[in-house]
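Written below as C-alpha coordinates is the structure these notes are about.
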Amino acid sequence: MKIDRHGQAKILTPEEIQLLFNEGVKLDPPRDRALFAVMLYTACRVNEAVNLRVRDVYDRKGSVRPVVLFRKGNTKGKLATRTIPVLEDLRKYLTDYHPPKWADYLFPGRHGKKHITSDAASWILREACKRVDIEGVSTHSFRRTALTQLSNAGIPLRVIQEISGHRTLDELYKYLEVKPEQVKGAISALSMLAPVESTEPAPDYTGKSTEYLRSPLARQSPSHSVAVGQSPLAVRSASQGWDSSRVLREPMCPKETLDHPLVNILMATIEGWTEA
(Lines of atoms letter the chains of each structure in order from A and count residues from 1; the text may use other names and numbers.)
(Lines give C-alpha, C1' and ligand atoms only; values in the text may rest on other atoms or scores of the structure.)
Protein backbone atom coordinates (compact mmCIF):
# COMPACT_ATOMS: atom_id res chain seq x y z
CA MET A 1 0.00 0.00 0.00
CA LYS A 2 1.31 3.43 -0.94
CA ILE A 3 1.03 5.93 1.90
CA ASP A 4 1.80 9.63 1.40
CA ARG A 5 4.21 8.92 -1.45
CA HIS A 6 2.59 11.32 -3.96
CA GLY A 7 1.54 8.32 -6.05
CA GLN A 8 5.01 6.76 -6.07
CA ALA A 9 6.14 3.58 -4.36
CA LYS A 10 8.62 3.84 -1.50
CA ILE A 11 12.34 3.39 -2.13
CA LEU A 12 13.53 0.59 0.12
CA THR A 13 16.61 0.91 2.30
CA PRO A 14 19.10 -1.97 2.65
CA GLU A 15 17.82 -2.52 6.20
CA GLU A 16 14.21 -2.77 5.02
CA ILE A 17 15.20 -5.23 2.29
CA GLN A 18 16.89 -7.41 4.90
CA LEU A 19 13.77 -7.35 7.07
CA LEU A 20 11.47 -8.28 4.19
CA PHE A 21 13.64 -11.16 2.98
CA ASN A 22 14.49 -12.57 6.41
CA GLU A 23 11.50 -11.87 8.66
CA GLY A 24 8.71 -10.79 6.35
CA VAL A 25 8.21 -14.00 4.38
CA LYS A 26 6.23 -16.73 6.16
CA LEU A 27 3.75 -18.41 3.83
CA ASP A 28 6.23 -19.93 1.37
CA PRO A 29 9.67 -18.49 2.19
CA PRO A 30 11.70 -19.89 -0.76
CA ARG A 31 9.08 -18.85 -3.32
CA ASP A 32 8.41 -15.44 -1.79
CA ARG A 33 12.11 -14.62 -1.50
CA ALA A 34 12.62 -15.68 -5.11
CA LEU A 35 9.68 -13.50 -6.19
CA PHE A 36 11.03 -10.47 -4.32
CA ALA A 37 14.57 -11.14 -5.59
CA VAL A 38 13.49 -11.34 -9.23
CA MET A 39 11.75 -7.96 -8.99
CA LEU A 40 14.63 -6.36 -7.07
CA TYR A 41 17.65 -7.73 -8.94
CA THR A 42 16.22 -7.41 -12.47
CA ALA A 43 14.21 -4.18 -11.91
CA CYS A 44 11.28 -5.82 -13.68
CA ARG A 45 7.57 -5.02 -13.33
CA VAL A 46 5.46 -7.32 -11.18
CA ASN A 47 3.49 -8.49 -14.23
CA GLU A 48 6.74 -9.41 -15.97
CA ALA A 49 7.86 -11.39 -12.92
CA VAL A 50 4.71 -13.49 -12.55
CA ASN A 51 4.67 -14.25 -16.29
CA LEU A 52 8.15 -15.78 -16.27
CA ARG A 53 8.27 -19.39 -17.35
CA VAL A 54 10.57 -21.99 -15.88
CA ARG A 55 12.59 -22.19 -19.11
CA ASP A 56 13.18 -18.41 -18.95
CA VAL A 57 15.18 -18.90 -15.75
CA TYR A 58 16.40 -22.54 -15.59
CA ASP A 59 17.99 -24.76 -18.22
CA ARG A 60 16.92 -28.36 -18.91
CA LYS A 61 19.14 -29.67 -16.13
CA GLY A 62 17.48 -27.37 -13.62
CA SER A 63 20.43 -25.01 -13.26
CA VAL A 64 19.94 -21.26 -13.16
CA ARG A 65 20.69 -19.67 -16.52
CA PRO A 66 23.24 -16.84 -16.86
CA VAL A 67 20.41 -14.46 -17.81
CA VAL A 68 16.70 -14.06 -17.11
CA LEU A 69 14.62 -13.79 -20.27
CA PHE A 70 11.67 -11.38 -20.30
CA ARG A 71 9.72 -12.16 -23.44
CA LYS A 72 8.34 -9.38 -25.59
CA GLY A 73 4.76 -10.59 -25.21
CA ASN A 74 4.90 -10.21 -21.43
CA THR A 75 6.50 -6.74 -21.30
CA LYS A 76 4.55 -3.52 -20.97
CA GLY A 77 3.64 -2.29 -24.42
CA LYS A 78 5.22 -5.46 -25.85
CA LEU A 79 8.22 -3.37 -26.91
CA ALA A 80 11.06 -5.87 -26.99
CA THR A 81 12.47 -8.99 -25.37
CA ARG A 82 14.95 -8.21 -22.59
CA THR A 83 17.70 -10.36 -21.13
CA ILE A 84 19.02 -9.40 -17.70
CA PRO A 85 22.23 -10.97 -16.32
CA VAL A 86 21.71 -12.99 -13.15
CA LEU A 87 23.47 -11.42 -10.18
CA GLU A 88 24.97 -13.84 -7.68
CA ASP A 89 22.48 -12.70 -5.03
CA LEU A 90 19.59 -13.56 -7.34
CA ARG A 91 21.17 -16.88 -8.26
CA LYS A 92 21.23 -17.85 -4.59
CA TYR A 93 17.49 -17.28 -4.15
CA LEU A 94 16.62 -19.01 -7.43
CA THR A 95 18.76 -22.00 -6.43
CA ASP A 96 17.06 -22.25 -3.03
CA TYR A 97 13.67 -22.12 -4.74
CA HIS A 98 12.75 -24.48 -7.51
CA PRO A 99 9.22 -24.67 -8.92
CA PRO A 100 7.39 -27.99 -9.04
CA LYS A 101 8.46 -30.28 -11.89
CA TRP A 102 5.00 -30.13 -13.42
CA ALA A 103 4.94 -26.31 -13.46
CA ASP A 104 5.29 -24.33 -16.65
CA TYR A 105 5.47 -20.95 -14.93
CA LEU A 106 8.15 -19.92 -12.47
CA PHE A 107 5.53 -18.94 -9.90
CA PRO A 108 2.57 -21.27 -10.57
CA GLY A 109 -0.92 -20.55 -9.28
CA ARG A 110 -3.05 -22.79 -7.15
CA HIS A 111 -3.66 -26.31 -8.37
CA GLY A 112 -1.01 -25.80 -11.03
CA LYS A 113 -3.13 -23.43 -13.05
CA LYS A 114 -1.23 -20.84 -14.99
CA HIS A 115 0.71 -18.43 -12.69
CA ILE A 116 0.02 -16.32 -9.63
CA THR A 117 -1.54 -12.97 -10.49
CA SER A 118 -0.07 -9.53 -9.97
CA ASP A 119 -2.66 -8.97 -7.25
CA ALA A 120 -1.56 -12.14 -5.50
CA ALA A 121 2.06 -10.97 -5.61
CA SER A 122 1.00 -7.60 -4.17
CA TRP A 123 -0.85 -9.36 -1.36
CA ILE A 124 2.24 -11.46 -0.50
CA LEU A 125 4.31 -8.27 -0.24
CA ARG A 126 1.70 -6.42 1.83
CA GLU A 127 1.59 -9.25 4.35
CA ALA A 128 5.37 -9.29 4.57
CA CYS A 129 5.45 -5.52 5.16
CA LYS A 130 2.87 -5.80 7.94
CA ARG A 131 5.02 -8.35 9.76
CA VAL A 132 8.04 -6.03 9.83
CA ASP A 133 6.07 -2.76 10.13
CA ILE A 134 7.14 -1.12 6.86
CA GLU A 135 4.70 1.29 5.21
CA GLY A 136 4.43 2.89 1.78
CA VAL A 137 5.67 -0.19 -0.09
CA SER A 138 4.24 -1.76 -3.24
CA THR A 139 5.58 -4.27 -5.75
CA HIS A 140 6.81 -1.24 -7.72
CA SER A 141 9.12 -0.40 -4.80
CA PHE A 142 11.55 -3.12 -5.89
CA ARG A 143 11.72 -1.64 -9.39
CA ARG A 144 12.14 1.95 -8.18
CA THR A 145 14.75 0.89 -5.62
CA ALA A 146 16.80 -0.97 -8.24
CA LEU A 147 16.69 1.79 -10.85
CA THR A 148 17.51 4.51 -8.32
CA GLN A 149 20.45 2.46 -7.03
CA LEU A 150 21.79 2.11 -10.58
CA SER A 151 21.45 5.85 -11.15
CA ASN A 152 23.20 6.68 -7.86
CA ALA A 153 26.02 4.31 -8.84
CA GLY A 154 26.69 6.47 -11.90
CA ILE A 155 25.37 4.01 -14.50
CA PRO A 156 24.52 5.92 -17.73
CA LEU A 157 20.77 6.44 -18.13
CA ARG A 158 20.83 4.87 -21.58
CA VAL A 159 22.14 1.64 -20.04
CA ILE A 160 19.54 1.78 -17.25
CA GLN A 161 16.86 2.19 -19.91
CA GLU A 162 17.97 -1.09 -21.50
CA ILE A 163 17.50 -2.80 -18.13
CA SER A 164 14.19 -1.17 -17.24
CA GLY A 165 12.62 -1.51 -20.67
CA HIS A 166 11.23 2.03 -20.70
CA ARG A 167 10.25 3.41 -24.06
CA THR A 168 11.87 6.82 -23.41
CA LEU A 169 14.25 8.39 -20.93
CA ASP A 170 11.45 10.73 -19.82
CA GLU A 171 9.53 7.71 -18.54
CA LEU A 172 12.64 6.48 -16.73
CA TYR A 173 13.19 9.83 -14.99
CA LYS A 174 9.90 9.41 -13.12
CA TYR A 175 11.24 6.31 -11.38
CA LEU A 176 14.43 7.85 -10.07
CA GLU A 177 14.40 9.37 -6.62
CA VAL A 178 16.61 12.34 -5.77
CA LYS A 179 17.45 12.66 -2.07
CA PRO A 180 17.74 16.04 -0.28
CA GLU A 181 21.40 15.37 0.52
CA GLN A 182 22.07 14.85 -3.20
CA VAL A 183 20.53 18.24 -3.98
CA LYS A 184 22.60 19.79 -1.17
CA GLY A 185 25.76 18.20 -2.52
CA ALA A 186 25.01 19.45 -6.02
CA ILE A 187 24.43 23.01 -4.81
CA SER A 188 27.67 22.94 -2.80
CA ALA A 189 29.52 22.57 -6.11
CA LEU A 190 28.55 26.18 -6.84
CA SER A 191 30.86 27.38 -4.04
CA MET A 192 33.71 27.33 -6.55
CA LEU A 193 32.11 30.38 -8.18
CA ALA A 194 32.59 32.54 -5.06
CA PRO A 195 35.17 35.36 -5.47
CA VAL A 196 38.41 34.85 -3.59
CA GLU A 197 38.87 37.50 -0.91
CA SER A 198 42.37 38.90 -0.35
CA THR A 199 43.85 38.42 3.12
CA GLU A 200 45.77 41.73 2.80
CA PRO A 201 44.05 45.10 3.38
CA ALA A 202 43.27 47.12 0.30
CA PRO A 203 45.95 49.78 -0.39
CA ASP A 204 45.08 53.36 0.60
CA TYR A 205 46.43 55.27 -2.35
CA THR A 206 45.19 58.63 -1.03
CA GLY A 207 46.91 58.26 2.33
CA LYS A 208 50.12 57.00 0.84
CA SER A 209 50.34 59.81 -1.68
CA THR A 210 49.93 62.41 1.07
CA GLU A 211 52.62 60.78 3.17
CA TYR A 212 54.89 60.51 0.17
CA LEU A 213 54.56 64.21 -0.64
CA ARG A 214 55.69 65.07 2.90
CA SER A 215 58.71 62.76 2.82
CA PRO A 216 62.32 63.94 2.19
CA LEU A 217 62.43 61.71 -0.87
CA ALA A 218 59.54 63.60 -2.41
CA ARG A 219 61.23 66.97 -1.70
CA GLN A 220 64.46 65.79 -3.35
CA SER A 221 62.84 64.02 -6.28
CA PRO A 222 62.90 67.02 -8.70
CA SER A 223 66.70 67.00 -8.68
CA HIS A 224 66.65 63.30 -9.45
CA SER A 225 64.96 63.56 -12.81
CA VAL A 226 66.94 62.01 -15.62
CA ALA A 227 68.19 64.47 -18.18
CA VAL A 228 68.57 63.56 -21.82
CA GLY A 229 71.82 61.66 -22.27
CA GLN A 230 72.36 61.31 -18.50
CA SER A 231 73.45 57.86 -17.40
CA PRO A 232 71.51 55.77 -14.85
CA LEU A 233 74.74 55.55 -12.84
CA ALA A 234 74.92 59.33 -12.53
CA VAL A 235 71.27 59.57 -11.48
CA ARG A 236 71.67 56.92 -8.80
CA SER A 237 74.90 58.48 -7.45
CA ALA A 238 73.27 61.91 -7.22
CA SER A 239 70.21 60.59 -5.35
CA GLN A 240 72.27 58.55 -2.87
CA GLY A 241 75.11 61.04 -2.31
CA TRP A 242 78.08 59.21 -3.73
CA ASP A 243 80.50 60.03 -6.55
CA SER A 244 80.09 57.78 -9.55
CA SER A 245 83.40 59.00 -10.99
CA ARG A 246 85.12 57.59 -7.90
CA VAL A 247 83.83 54.16 -8.84
CA LEU A 248 85.37 54.60 -12.25
CA ARG A 249 88.67 55.80 -10.78
CA GLU A 250 88.87 52.97 -8.24
CA PRO A 251 88.03 49.81 -10.15
CA MET A 252 87.09 46.66 -8.22
CA CYS A 253 88.35 44.15 -10.79
CA PRO A 254 91.83 42.88 -11.84
CA LYS A 255 94.02 45.16 -13.94
CA GLU A 256 94.29 42.65 -16.77
CA THR A 257 90.50 42.79 -17.10
CA LEU A 258 90.52 46.58 -17.34
CA ASP A 259 93.20 46.43 -20.07
CA HIS A 260 90.84 44.53 -22.34
CA PRO A 261 89.84 46.64 -25.41
CA LEU A 262 86.10 46.09 -24.88
CA VAL A 263 86.36 47.22 -21.26
CA ASN A 264 88.21 50.38 -22.33
CA ILE A 265 85.47 51.20 -24.80
CA LEU A 266 82.78 50.63 -22.12
CA MET A 267 84.62 52.79 -19.57
CA ALA A 268 85.01 55.59 -22.10
CA THR A 269 81.31 55.47 -22.84
CA ILE A 270 80.36 55.67 -19.14
CA GLU A 271 82.76 58.60 -18.60
CA GLY A 272 81.11 60.33 -21.53
CA TRP A 273 77.73 59.95 -19.82
CA THR A 274 78.94 61.34 -16.52
CA GLU A 275 80.52 64.39 -18.19
CA ALA A 276 77.45 65.15 -20.29
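Counting in this note's numbering, the sequence shown runs from 798 upward without gaps. For glycine and all other residues, C-beta sits at the position ideal for the given N, C-alpha and C.
Per DSSP, F867 is one residue of the beta strand (DSSP E) stretching across V864 to F867. Taking R830 as reference, the option from S985, R964, P896 and V864 with the minimal CA-CA separation is P896. Residue R964 holds the alpha-carbon nearest to the alpha-carbon of A877 among K981, S988 and R964. If you draw a 10 Å sphere on the C-beta of G821, you find 16 or more other C-beta atoms in it, and that means buried. Beta bridge pairing from DSSP links T880 with L866.
For K910 and A943, the gap between their C-alpha atoms comes out near 30 Å. V865 is a Cβ neighbour of V854, given a cutoff of 7 Å. Assigned with DSSP and collapsed to three states, P826 falls in helix. Closest in C-alpha terms to D901, from the list V851, I808, L987 and L922, comes V851.
For H937, the uninterrupted alpha helix (DSSP H) segment begins and ends at H937 to N949.
For A846, the uninterrupted alpha helix (DSSP H) run begins and ends at V843 to V847, by DSSP.
Counted as a single uninterrupted DSSP element, the alpha helix (DSSP H) harbouring I921 occupies residues S915 to V929. In this structure, I881 is the residue among I881, V929 and T810 with its C-alpha nearest to the C-alpha of C841. For the pair A806 and S935, the CB atoms are nearer than the 7 Å cut-off. Beta bridge pairing from DSSP links V861 with Y855. Assignment of beta-bridge partners to Y902 by DSSP yields R850. Excluding residues up to 5 positions away in sequence, S915 lie with their Cβ nearer than 6 Å to the Cβ of N844 in the same chain. Sixteen is the threshold: when 16 or more other Cβ atoms of the shown chains lie within 10 Å of the Cβ of H912, as they do, the residue is buried. The beta carbon of R955 is closer than 8 Å to those of L966 in its chain, skipping five residues each way along the sequence.
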